[in-house]
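Undergrad: Handing you this structure, nothing more for now.
4 protein chains.
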Amino acid sequence: MIIVLKTNLSNQEIEEVFHKLESLGLTAQLVKTKPNTTIAILDDVSTLPTHLISQIPYIEKLIRLQLPNPLVKSSKNKAIKLANGLSFGNNNPPIIIAGPCAVDEPNELIELALDIKARGAHILRGGAFKPRTSPYDFQGHGLDALKTLGEAKQITGLPIISEVMSAEQVDLALPYVDILQIGTRNMYNYELLKEVGRSDKTVLLKRAFSATLNEWLLAAEYIMSAGNENVILCERGIRTFETYTRNTLDLSIVAAAKRQTSLPIIVDPSHATGKEELIRPMARAAIACGAHGLMIEVHPQPDKSMSDKEQAITPNQLSEIIADTEMLYQTINKLDHSELIALT
Amino acid sequence: MIIVLKTNLSNQEIEEVFHKLESLGLTAQLVKTKPNTTIAILDDVSTLPTHLISQIPYIEKLIRLQLPNPLVKSSKNKAIKLANGLSFGNNNPPIIIAGPCAVDEPNELIELALDIKARGAHILRGGAFKPRTSPYDFQGHGLDALKTLGEAKQITGLPIISEVMSAEQVDLALPYVDILQIGTRNMYNYELLKEVGRSDKTVLLKRAFSATLNEWLLAAEYIMSAGNENVILCERGIRTFETYTRNTLDLSIVAAAKRQTSLPIIVDPSHATGKEELIRPMARAAIACGAHGLMIEVHPQPDKSMSDKEQAITPNQLSEIIADTEMLYQTINKLDHSELIALT
Amino acid sequence: MIIVLKTNLSNQEIEEVFHKLESLGLTAQLVKTKPNTTIAILDDVSTLPTHLISQIPYIEKLIRLQLPNPLVKSSKNKAIKLANGLSFGNNNPPIIIAGPCAVDEPNELIELALDIKARGAHILRGGAFKPRTSPYDFQGHGLDALKTLGEAKQITGLPIISEVMSAEQVDLALPYVDILQIGTRNMYNYELLKEVGRSDKTVLLKRAFSATLNEWLLAAEYIMSAGNENVILCERGIRTFETYTRNTLDLSIVAAAKRQTSLPIIVDPSHATGKEELIRPMARAAIACGAHGLMIEVHPQPDKSMSDKEQAITPNQLSEIIADTEMLYQTINKLDHSELIALT
Amino acid sequence: MIIVLKTNLSNQEIEEVFHKLESLGLTAQLVKTKPNTTIAILDDVSTLPTHLISQIPYIEKLIRLQLPNPLVKSSKNKAIKLANGLSFGNNNPPIIIAGPCAVDEPNELIELALDIKARGAHILRGGAFKPRTSPYDFQGHGLDALKTLGEAKQITGLPIISEVMSAEQVDLALPYVDILQIGTRNMYNYELLKEVGRSDKTVLLKRAFSATLNEWLLAAEYIMSAGNENVILCERGIRTFETYTRNTLDLSIVAAAKRQTSLPIIVDPSHATGKEELIRPMARAAIACGAHGLMIEVHPQPDKSMSDKEQAITPNQLSEIIADTEMLYQTINKLDHSELIALT
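Residue numbers (the working numbering), protein chains in the order written: chain A, 1 to 344; chain B, 1001 to 1344; chain C, 2001 to 2344; chain D, 3001 to 3344.
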């Protein structure tokens, strides 16, 4: 960490800063840069509460050389085991999560679950509690939808993922789901992160559409520091000036996150693009740059979906994406282990 | 509402859309625009759940001409009465909310509260629960801080505002605070909005740093449609590419919001700029464009603040801002009622 | 086009709007939506100057259903032929453009050109005129650099691409380059677009880091409407709140642009990410989602590059990317023509 | 400047970096921070070309503590004198620039010029060359419009400002205008900046809607380092995710820029908001936070304006803004010199 001091301090004032740093057990070195003198802290301060340093007087600003997310960083070569024996992350083949935006008719959901399983999907998604911008829009069927998901699991054997938005909803969801989803609007809901961090379910943490990589990894650190090591990251598009797509899918951050943590990281091209015709090419791009899986909205008749119809695809289109994923994963694997690379 | 149909529909398909709209009791008109045919809905559909229309087949997209926030829109000439007899909003003089980022030493807080009251502030702010990006940073003193705030209220008579982040924290805060604050990170936390909507406390709703005006007003609509009409809006800066300031203060949206609702709207220049030297000019600008109040971080010795020290100002600086506010409010009032304007 | 009228117009005022529209030869239809009455224009108005309609009184706003870029849209199945016999775009194998950020030592450039040609690159890039944020930073070797590029072309046979920023630089570059590059900072420089539109060289048009898809395609329309049909689009990252990467690579817009135009579209992962370790995964993602080529900064010793060293890769790394590109192109091609897709 | 080295360097490699720095005449100090060792440069390196340092091997990244804009920074207490005897900037009363978006009918312009002069405006604006997103939209009347502006100047005595987009247009404009305007789309057009930097006209430099404060001040540095000290900065809104307003007016950066340079800085609320009803409140806010002037689109009948009609105001509305400006300037001046502030 580099401490930039205010300008024109007296020697006595600078000494005072040094004494405070020493009383925290830190080793510091003075550097007479221009126009501001700086102090370098030579220790690793990644989990030291920032205010212990920042409340020392005479400091203009702090420059961190290292981010405070030791648990996220140290989780090496992690793969998360699913109920159906599959492993998520590391070098395992990509996992396909598919299902409708919101759970509606029970029969329709079970029929769809059987269909997507037959086509090769690994996990069933379905919304029971829906975060909607308007209070007058459909908010999900709640407990009824959770029960429908539980039934679908019993019949198909597919693990279930569903979104929760409050401690109360976590309690309701626990008996029915395998993976608790934290949606993009709740990534900064730290009380909820602590709550799911105390549960024994795997958590899928979507990136907030306004979150930096650093904030996202620290949100994962909240869950992990509460005791839950099974976190899957999910990129689903960020908010930018571009309005042609619903959001801007940020695949560079997927590649970047893979270099910072071994937590599995997947991509949701449905919410990222909001456009049915862009989902397949973005699914391909996600797998090509190393995503550990995909989360995709599927509806038997997208035109009749209760929400987000313009981004749902048909089961037939899902088959195409699954075929793409398998072949691209093989290609990438081959390229990663080819002699050319070994030589260079 | 304008419905843009998919291209190349048959007459029968278009008729099917009309029948569905009729079964919802809506009056529709066909418009043969190019390249897509459109259908105009002639009724007011501002609170009709969107999915009832959007799940009709053959629809490409919906263009809303009106936003679904009737309660926010209809709250005309609203002023919110505070415990100490002051009124917030409408044409009342601006309200000054001031206090430290986080509540720390009880004696220090009470001394500060007495000081800012003497200088003319109207409401005491202080964080008991702090949303922090890192789980390793200081998270607030919780219930102890709430009790300290309650004590400060008894001694000074100043109403209290403090942030809550979960249903549990709402319950803890109710006995001690007059205004529940929803912070920028929880504006999309719809379960929390419903929770404070069911309480009888005034709610201060900060704009999420990623929220559009529409999303912000709909978040207020969540609180109001749950039964609580006493909502104060607070602009505190949005996230943009500009990193010189902590956020980008969006005063145009303050002026725009005033034209959409009569809910009081205030500005937090401390979090918006993150820079002590920019708070005073931005406080001036906020009052000049019609903000109903200011929320400002004050610390007796900003250099020693536990968090956000670079954006806290001293009580003396607060006095300057209060003097600015009073004189600018008078100037604006005079201009709004001058003959020149009456004539034009 | 939908015209939203101001509220509370008299019948006579609305009639006046209709007369103005008729005098422009347009067919219009009144639609009594609430709260604003609208008028639909039933003709195709994609190249009608907007002001002819917008200056009609009583209009609140215009909603375009179609963008005004007929040339960009109608350029079907276009492939651009290069001097060395290769074709760019359509279904041709991806083109690899490689070279240093700035041209420095002639011998070094020629050695590098021979090297990247041997490794399979198709076009040599190199900056003669460098747009730099600071006037005190290196601005390129100008004409000397152009001559060096010309020499490299003679020796290697590789076509040359280099950036121009003014009419004067276009004149200087014409004898030496095959493709004129419009950089991200000059995409809105419409006078320059007209200038290169009047030349007979192929133009590579980078997306401005702040441009919407619409603005980008209209910039291409500027070049095409000036007479030059040979335009290649290049996505190089947009400016967002995320600062971990230099820019945010927007691959969704690559896929979207391919559905709007048949102009070739390539990706520059070097400037998009600004981080050497992210270039290879993003190059893979670009090819997987259908990019027609890649533009990559290569330096024999990136550590000694005069600019943008942290985003330059070595010739060995280029070999890896070329191998990736070839195998991924084959995989994608196979998937696009597999029976599965034919059946659905 | 702080140099962050790559990790795991040998002592010999670090010594090599030191030798290179010494050969540049720089004094450096080693700082053994974790996880990366850093080197602090103790000299002022604000105008040292970055590549001289960045091309030294073994460097991971550079952290500048000071921006490279010495001319912009050192221009203390600057006021720019106008042809009509008025002074722009410093503590002079705010300057009002007003006029139509585009110059159309000569008689109409002259009538408007006489009107706005009578109402108290100081400078006449009017577009001769219009940067338009679509090549099919109205591009301005060019030389004819410049001549009309020249005539308006002769009749009214008002100095003239008009936008130029190329070296050729600069030559055309020189005989007719007093201030050359660089528009938001050309702020990064460094060749044009150098061109106007070589002229003897005052330059008004609009901030690009995607520019950071740093980039904007460096664009001004381009003009000043080419020999022209008379630069006026103009904030006109930045591009963000918020689409309710045309752009997001960034007044914090106006206040920030005033603390970095004494160049005059004005605000264009017309383009920033794009909404007629928001111009007056934003003009007030701009003056309140210290802007040295305003640039406002005025049209005798905004409904009939050829472009940007929804953001033009009437001459009567301009009178209101001028009255606001005068009274707010007096209020601010009084506050800046009140005893209260003197005491604290």
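Quick reminder that beta carbons are idealized off the backbone N, C-alpha and C, glycines included.
Computed from a prediction, not measured in an experiment: that's the story for all the values here.
(1) Under 9 Å Cβ-Cβ, which residues of chain C neighbour Phe-3209 (chain D)?
(2) Using the DSSP secondary-structure output, state which residues sit across from Glu-2297 (chain C) in a beta bridge.
(3) So what's Phe-2138 (chain C) in DSSP terms, helix, strand or just coil?
(4) Relative to the C-alpha of Leu-2335 (chain C), which residue among A:Ser-319, A:Leu-335, A:Val-31 is closest?
(5) Mind checking the stretch 161-182 of chain A against chain C and listing, in chain order, the residues whose C-beta falls within less than 8 Å of any C-beta there?
(6) Per DSSP, which one or two residues make a beta bridge with Ala-1028 (chain B)?
(7) How many angstroms separate the CA atom of Gly-3140 (chain D) from the CA atom of Arg-1259 (chain B)?
(8) Which residues mark the beginning and the end of the beta strand (DSSP E) in which Gln-3055 (chain D) is found?
(9) Please report the distance separating the alpha-carbon of Leu-3026 (chain D) from that of Tyr-2190 (chain C).
(10) Are the CB atoms of Ala-257 (chain A) and Leu-294 (chain A) nearer to each other than 8 Å?
(11) Should the stretch 3006-3017 of chain D be regarded as contacting the stretch 2305-2324 of chain C, the criterion being three or more beta carbon pairs within less than 8 Å?
(12) Would you list, in chain order, the members of the stretch 264-295 of chain A that have their beta-carbon closer than 8 Å to a beta-carbon of chain C?
(13) Is Arg-3236 (chain D) close to chain C? Criterion is C-beta to C-beta, closer than 8 Å.
(14) For the stretch 163-231 of chain A, which segments carrying the alpha helix (DSSP H) assignment without a break, of at least 4 residues, lie completely within its bounds, in sequence order?
(15) Check whether chain B comes within 8 Å of Ile-2002 (chain C), counting only Cβ atoms and requiring the distance to be less than that.
(16) At the 8 Å Cβ level, is Arg-3198 (chain D) part of the contact set with chain C, yes or no?
(17) Any residues in the stretch 2222-2250 of chain C with a beta carbon nearer than 7 Å to a beta carbon of chain B? Which ones, in chain order?
(18) Do you know how far the Cα of Val-1203 (chain B) is from the Cα of Leu-1328 (chain B)?
(19) My output table needs one value for Ala-3342 (chain D): the three-state DSSP class, helix, strand or coil.
(20) Beta-carbon within less than 6 Å of Leu-21 (chain A)'s beta-carbon, same chain only, minus the 5 sequence neighbours each way: which residues are those?
(21) Which value, in whole angstroms, describes the spacing of the CA atoms of His-3019 (chain D) and Gly-2120 (chain C)?
(22) Looking only at C-alpha atoms, which of A:Leu-278, A:Gly-237, A:Tyr-58, A:Val-4 sits nearest to Ala-2255 (chain C)?
(23) Tell me whether the beta-carbon of Met-165 (chain A) lies closer than 8 Å to the beta-carbon of Pro-131 (chain A).
(24) Taking Cβ positions, are Ala-2079 (chain C) and Asn-2069 (chain C) nearer each other than 8 Å?
(25) Mind listing the chain G neighbours of Ile-1063 (chain B)? Cutoff is C-beta to C-beta under 9 Å, in chain order.
(26) Kindly identify the DSSP beta-bridge partner or partners of Thr-3133 (chain D).
(27) Identify each residue in the stretch 38-64 of chain A for which the Cβ-Cβ distance to at least one residue of chain D is less than 8 Å, and report them in chain order.
(28) What separation, rounded to the nearest whole angstrom, lies between the Cα atoms of Asn-316 (chain A) and Ala-3219 (chain D)?
(29) Just reading off the alpha helix (DSSP H) that Lys-2114 (chain C) is part of, what are its end residues?
(30) Less than 8 Å between the beta carbons of Ile-3096 (chain D) and His-3122 (chain D), yes or no?
(31) Can the beta-carbon of Cys-2101 (chain C) be found closer than 8 Å to that of Ser-2305 (chain C)?
(32) According to the Cβ coordinates, are Lys-2979 (chain D) and Pro-3300 (chain D) closer than 8 Å?
(33) Identify, in the order they occur along the chain, each residue of the same chain with its Cβ nearer than 6 Å to the Cβ of Lys-6 (chain A), setting aside the five sequence neighbours on each side.
(34) So, Glu-3297 (chain D) versus Ile-3313 (chain D), is the Cβ gap smaller than 8 Å?
(35) Please report the straight-line C-alpha distance between Pro-3106 (chain D) and Glu-3229 (chain D), rounded to a whole angstrom.
(36) With Ile-3014 (chain D) as the anchor, note down where its alpha helix (DSSP H) starts and where it stops.
TA: The answer reads as follows:
(1) Ser-2210
(2) C:Gly-2099
(3) coil
(4) A:Ser-319
(5) none
(6) B:Ile-1041
(7) 34 Å
(8) From DSSP, Gln-3055 (chain D) is part of no beta strand (DSSP E); its letter is neither H nor E.
(9) 43 Å
(10) no
(11) no
(12) Ala-272, Thr-273, Lys-275, Glu-277, Leu-278, Pro-281, Met-282, Arg-284, Ala-285, Ala-286, Ile-287, Ala-288, Cys-289, Gly-290
(13) no
(14) 167-173, 190-197, 213-225
(15) yes
(16) no
(17) Arg-2239, Thr-2240, Phe-2241, Thr-2243
(18) 27 Å
(19) Note that Ala-3342 (chain D) scores a pLDDT of 42, beneath 50, so its modelled location is shaky and nothing firm can be said.
(20) Ala-28
(21) 38 Å
(22) A:Leu-278
(23) yes
(24) no
(25) Note that chain G does not occur in the displayed structure, where the protein chains are A, B, C and D.
(26) Thr-3133 (chain D) is not bridged to any residue.
(27) Thr-38, Ala-40, Ile-41, Leu-42, Asp-43, Asp-44, Ile-63
(28) 53 Å
(29) The identity of residue 2114 (chain C) in the sequence shown is Leu, whereas the question assumes Lys. Element bounds for Leu-2114 (chain C): 2106-2118.
(30) yes
(31) yes
(32) As shown, chain D starts at 3001 and ends at 3344. That puts residue 2979 (chain D) outside it, with no answer to give.
(33) Tyr-58, Glu-60
(34) yes
(35) 33 Å
(36) 3011-3023
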